[in-house]
């Protein structure tokens, strides 16, 4: 019933040839990350490196790298979790189909954490520097724990019942951190740890934190699961692991996960911060250095034979993409119960997750008197943007499912074509300004500050979507290379904006001052003014101005990444023949999004050519990685 340890999981995968052991020495600085990225792109096996340089602990990569492997890891429990979700939605299904749900009460018992006195993880106590210091990108500020399960308990109500388990960034070294004594703790808006930290500050107390690494593979999945506030992730972990999660009670400290491979025990003192980062993050750019809580390290525990699991984040898709897939698989059926009238919501991974949401809603009221104007869709959009991490979205596109039976928000291309054929830019753009966006998104107007655009579309198509442009299309001076990305969408290369961003340490004020000045907006005004009634671009509902039109149009994934990670709706959405009426903005011609890189943006993550060359050598015929298909 599930794997209780990471070693047991690896042993099973190796026996089934789903994992490979590599005994050749590898470098935790950039080399392991380069290999991991290649493994994921190739759909390769999990790999256990037994001789990483600088540490005697083996490093595991690509554990969650394919859907098939995830289904194997949780083969004993996925269907049981699905049944528990079904019962949560409608308990009466057990009466209608008792054979399907006969063991669900037993499965429900696994959600209760088990209190234990000791555990395997307390076998050894080592300095922080003996851990594998894996660095993912050349511009990273140091090594990070990339699969951490950060555990805290509510200072007002200690114990596992109101605990939080989250995957928050942990920087092990670099910057100004005192070696072996301090680590950085980075968490974003709408994270459960923030509630516990706020309670500790209110009480004038330090916040005690435990970072679990390894153990059952269910722990890492549970740490990213979007559970209702106040519901401990340990409950979900038990159901997915197939056994109660053993927690070692500690006097005056949060409990310790007994089956973990490693635990970093630490303390966050009130008011103590240090610069954390940069870090190549899931948007595909470097999160810059910022002040974040400092955690003083009290102990680093490990079990005998401990394994250090790592992943790499960066421009999607990466291994964490499959976490999102599993979350949808398990929680997708719950959406209509949380968001009435909404059948599907998709946080688009290719856009960096938070920048773009697609949703299928419904217009259920006043069916005898439909004006064609979105009504309930806007109510549903507001509900979506009020849901935890969904509130960090910058763009939300929502359509009426009643117009398109069977349309699913996860079918990105048909969804976008359906919306673009119906959106009336005079009416259907709804902006939220001066609001919050993702901490890691630097396209906005400040740290955590930016805007949102809701586009709600319903009714019959109002246009056919063109799929080609004349070869001799004329563009305004400074604009070149118009290319069709998908039906109804054109990318145009705009004037390059200088200077390009760097990783040099800059103050927040200096960074955001560049965003406020926005001299590049004049380019867009000139562009929109040049698109007259007879211009070929007038037939396209959406035009995206970018740095490289060929790259943007090369794939749907490129279009989504460039367009939605490099724009702030209130500042970068323009329109041909735009107007404002009663404080509502609209346009009569195409919607135009300025998605060029700008000085306040964080730079994209790029691999080190010398490291890539070293890994090429490892992968050549006869090399230690030759059989992995990299």
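Numbering (our numbering), first residue to last: 87 to 716.
Here a beta-carbon is modelled for each residue, glycine too, at the ideal position from N, C-alpha and C.
Using three-state DSSP, classify residue i as helix, strand or coil.
i	result
residue 327	helix
residue 395	strand
residue 188	coil
residue 377	strand
residue 567	strand
residue 419	helix
residue 696	helix
residue 414	helix
residue 148	coil
residue 48	Beyond the ends of the chain as shown, which are 87 and 716, falls residue 48; an answer cannot be given.
residue 583	coil
residue 322	helix
residue 651	helix
residue 212	coil
residue 317	coil
residue 573	coil
residue 138	strand
residue 279	helix
residue 607	helix
residue 120	helix
residue 689	coil
residue 167	helix
residue 488	helix
residue 462	helix
Checking the sheet assignment: what are the DSSP bridge partners for residue i?
i	result
residue 665	672
residue 437	DSSP output for residue 437 lists no bridge partner at all.
residue 235	298
residue 102	The partner list for residue 102 (beta bridge, DSSP) is empty, contrary to what the question assumes.
residue 219	DSSP, once it has assigned bridges, lists no residue as partnering residue 219.
residue 257	230, 270
residue 539	481, 517
residue 430	446
residue 680	631
residue 594	None; residue 594 has no bridge partner.
residue 351	296, 385
residue 366	372
residue 162	Bridge partners of residue 162: none, in fact.
residue 251	237
For residue i and residue j, I'd like the C-alpha separation in whole angstroms.
i	j	result
residue 365	residue 689	11 angstroms
residue 717	residue 463	The first residue shown for the chain is 87 and the last is 716, placing residue 717 beyond what the model contains.
residue 485	residue 494	10 angstroms
residue 626	residue 552	6 angstroms
residue 204	residue 433	40 angstroms
residue 179	residue 423	15 angstroms
residue 270	residue 343	21 angstroms
residue 598	residue 623	33 angstroms
residue 479	residue 444	10 angstroms
residue 220	residue 448	47 angstroms
residue 678	residue 716	40 angstroms
residue 132	residue 98	12 angstroms
Report the option in the options whose CA atom is closest to the CA atom of residue i.
i	options	result
residue 396	441, 348, 474	348
residue 470	510, 109, 425	425
residue 703	407, 232, 121, 210	121
residue 539	558, 525, 515	515
residue 606	616, 597, 580, 626	580
residue 338	239, 174, 182, 571	239
residue 88	691, 167, 559, 499	167
residue 483	564, 500, 327	500
residue 324	336, 335, 341, 305	305
residue 294	489, 380, 303, 255	380
residue 613	137, 676, 656, 335	676
residue 153	406, 361, 200	406
Under 8 angstroms between C-beta atoms, does residue i make it to chain C?
i	result
residue 364	In summary, chain C is missing from the structure at hand, where a single protein chain is found.
For residue i versus residue j, is the C-beta spacing smaller than 8 angstroms?
i	j	result
residue 264	residue 229	no
residue 633	residue 549	no
residue 439	residue 518	no
residue 654	residue 529	yes
residue 594	residue 274	no
residue 318	residue 389	no
residue 541	residue 123	no
residue 156	residue 416	no
residue 617	residue 576	no
residue 146	residue 394	yes
residue 391	residue 374	no
residue 299	residue 346	yes
Given the structure, does residue i come close to the ligand HEM, in the sense that its CB is under 7 angstroms from one of the ligand's heavy atoms?
i	result
residue 379	Looking at this structure, you won't find the ligand HEM or any other ligand, since it has none at all.
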